[in-house]
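All remarks here apply to the structure that follows.
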Amino acid sequence: MINGTNMPRTSVTRRFGRRKPIMTPIEHARTAERMSRKAPIWYAKKQRRLDEYYKKLIEKTPKNRRWYLKQKAEILRGATKAVEQAVRHHTRPLAALAARDDLTGLCTTKEFERHLTAFVSHKGKHYAVVYLDINNLKDVNDRHGHAEGDKLILSMSRALRSLKHKRLSKAVGRMGGDEFAVVIPIESRQKLETAISDYVGKVSELFVRNWNEIRRCDFQASFAAGSASTFEQLLVAPSVFRKTKDGDFVTERVARNTARNMVKIADQRMLTEKQRMELEGLRHERRRE
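According to our numbering, the residues represented by the sequence shown are 13 to 301, in order.
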């Protein structure tokens with residue numbers, strides 16, 4: 013209701029000089045929901061009218077029979093499409109919730125791999141996956157409680173999200189309890205190591221700053237990082253090289269396997285870096301003794 017009337021909101025299209033209604037996203041959702049509820053009833057009525065009309069026909073010739081079956085098939089096809097749209101409309105909020113982590117709001121593992129697969133399939137562009145793991149999160153949970161551990165996780169997620177807002181990364185996901193993964197664009201092979209080291213340095217700076225602002229315990233925040241890029245010859249299963257009927261190779265499965273291998277290799281390199289940091293910490297403690 014606008015200005016005390018039931019007239020819909022309209023706008024003038026300058027090119028054609030005619031009016032067309034404008035609908036807000038809420039009105040679009042309500043219209044889709046109303047149509048999804050009424051569509052099956054409408055198609056059932058249409059089917060009933062068609063059956064009644066065919067029964068009243070005096071001559072049921074083969075031509076009329078083919079016309080009746082064709083109309084019936086179109087009605088069933090339209091009803092199936094309406095039901096699919098209704099299911100898609102009602103499950104869309106659930107799919108959006110399933111694609112996001114509850115605590116941080118970042119992508120889940122499956123959603124992150126889906127984004128990475130789309131990036132890997134782009135020809136002529138190169139990306140790197142940086143896998144991050146917060147050190148000693150279990151010690152923080154055991155000594156100071158899970159509330160402090162959640163603050164440590166949120167400090168990392170806010171750092172990664174802020175860098176994504178600055179367009180330094182393409183996708184950010186939480187892969188596990190204290191593990192995160194990021195997709196960053198790479199211009200050339202020569203700038204690969206520099207781009208990754210610069211990004212990890214910025215993450216470390218923001219992570220420590222965020223933790224120092226909200227922490228209530230004496231704990232030095234740190235993390236281990238590993239990376240893998242599309243410049244490397246990543247292992248791909250031989251079964252993905254399958255020809256189609258036209259003689260072309262299937263690229264979607266290759267991209268999907270390449271994305272998963274990038275995450276696995278980055279994870280392995282992160283574990284190697286974490287073990288190296290732990291050994292350095294033990295050596296430093298022995299020197300103090």
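Yeah, the Cβ is synthetic: ideal placement off N, Cα and C, and Gly gets one too. None of these values were measured; they are calculated from a predicted model.
Closer than 7 Å: residue i CB and nearest the ligand COA heavy atom
i	result
ASP279	With respect to the ligand COA, the structure shown offers nothing to examine, as it has no ligands at all.
Close-in-space but distant-in-sequence residues of the same chain around residue i (CB under 6 Å, 5 per side omitted)
i	result
VAL215	ALA171
GLY185	LEU118, CYS119, PHE124 and ALA193
ALA207	ILE198
THR116	SER169 and ARG186
ASP279	TYR143
Classification of residue i by the beta-carbon crowding that lies within 10 angstroms, buried from 16 upward
i	result
ARG298	exposed
LEU69	exposed
THR79	Note that residue 79 is Trp in the sequence shown here, rather than Thr. Per the 10 Å Cβ criterion, exposed.
ASN222	buried
ALA233	buried
GLY161	buried
SER200	exposed
PHE131	buried
THR92	exposed
ASP210	exposed
Boundaries (first-last residue) of the alpha helix (DSSP H) holding residue i
i	result
HIS134	That residue, HIS134, is in no alpha helix (DSSP H); it is neither H nor E in DSSP.
GLY90	74-110
Own chain residues within Cβ distance below 7 Å of residue i, not counting five before or after
i	result
GLN83	LEU62
GLU285	ALA236, ALA237 and GLY238
PRO105	none
LYS176	VAL184
Three-state class that DSSP yields for residue i in the structure shown
i	result
PHE124	helix
GLY293	helix
ASP279	helix
ALA159	helix
ASP145	strand
Segment limits, beta strand (DSSP E) that includes residue i
i	result
GLY238	235-241
Beta-carbon proximity list for residue i, same chain, < 8 Å, skipping 5 on both sides
i	result
LYS58	ILE87
PRO250	Note that PRO250 has pLDDT 44, beneath the 50 cutoff, so the model's placement of it is unreliable and no number is given.
ASN76	TYR66 and LEU69
Inset, instruction - Within the region 162-229, note down every full alpha helix (DSSP H) run reaching 4 residues or more, in order along the chain. - result: 204-226
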